[in-house]
Amino acid sequence: MKIKDIEFRKFISSEKIIDKVALLAKQIDEDYKEKSPLFLPILNGSFMFAADLTRNIKTPCRVSFVKHSSMQGATSSGHLKTLIGLQESLFNQDLILVEDVMDTGLTLTKVVDELQSLGTKSVEIVTLFRKAKAREQAVQPRYIGFEIEEEFILGYGLDYDGWGRNLQDIYKRVGEAPQSAD
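If you read the sequence shown in my numbering, its first letter stands for residue 69, the second for the next number, and so on.
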């Protein structure tokens, strides 16, 4: 499949994604059975993951949104921009950040620092994908769907300049080394 100027091939089926999201929700429910967490999906890419994840959560919870970005096209710009902030108090709250892809970890490190400065009780991260470079950061997700290498992926909310978010499966750029995401 070609999107704009890049060729992509199927990487992870929607069935595998659905199974992984259900497993992550079960783990979170077990860990938060005595708490009422606030889920903070980081928009835009995590919107499908966040919707499916929170629909599977049985624990009483709330959902709000934050939007940070460091991506331009298929690469990270290296410059973090806060685009939309929170409008509510997070003091003494148990937060779960919902991220689509932990690429370099820089965005999440900045977001976690900002949230902790607001007096949160706890901040944990659930990410559908963690790339190799992100494993070097001090801030790490507690819940990880798939470990992947440095490959550009799209689908299931992930995009290339806005294209491909609607795809149910995950696709990766053709020409990158094959690697299993299980």
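In this text, a Cβ means the ideal position worked out from N, Cα and C, and glycines have one as well. The structure displayed is predicted, hence computed values, not measured ones.
Beta-carbon proximity of residue i to residue j, cut-off 9 Å
{"i": "I216", "j": "R241", "result": "no"}
{"i": "P109", "j": "V89", "result": "no"}
{"i": "T188", "j": "P209", "result": "no"}
{"i": "D168", "j": "L106", "result": "no"}
{"i": "L121", "j": "I96", "result": "yes"}
{"i": "E192", "j": "I164", "result": "yes"}
Same chain, Cβ closer than 6 Å to residue i, five either side skipped, listed in chain order
{"i": "G223", "result": "G232, L235, D237, I238, Y239"}
{"i": "E75", "result": "V242"}
Classification of residue i by the beta-carbon crowding that lies within 10 angstroms, buried from 16 upward
{"i": "S104", "result": "exposed"}
{"i": "E83", "result": "exposed"}
Alpha helix (DSSP H) segment containing residue i, residue limits
{"i": "V89", "result": "82-99"}
{"i": "L121", "result": "115-124"}
Host beta strand (DSSP E) of residue i (start-end)
{"i": "M170", "result": "162-170"}
{"i": "F274", "result": "Summary: the structure shown does not reach residue 274, with the chain confined to residues 69 through 250, and so no result is reported for it."}
{"i": "G232", "result": "Segment: none, G232 is in no beta strand (DSSP E) and carries neither H nor E."}
{"i": "E218", "result": "E218 -> no beta strand (DSSP E), and no H or E assigned at all."}
Secondary structure of residue i, DSSP reduced to three states
{"i": "E204", "result": "helix"}
{"i": "L176", "result": "helix"}
{"i": "G243", "result": "coil"}
{"i": "L226", "result": "strand"}
{"i": "L154", "result": "coil"}
{"i": "L183", "result": "helix"}
Residues of its chain near residue i, where Cβ-Cβ distance is below 7 Å and the 5 sequence neighbours each way are ignored
{"i": "E156", "result": "S132"}
{"i": "N124", "result": "V89, A90, A93"}
{"i": "I212", "result": "T195, R198"}
{"i": "S114", "result": "V166, E167, D168, G225"}
8 Å Cβ shell around residue i - same chain, five flanking residues per side excluded
{"i": "D250", "result": "Bear in mind that the predicted position of D250 carries a pLDDT of just 45, short of 50, making it unreliable; the figure below should be weighed with that in mind. So the qualifying residues of the chain are K84, F214."}
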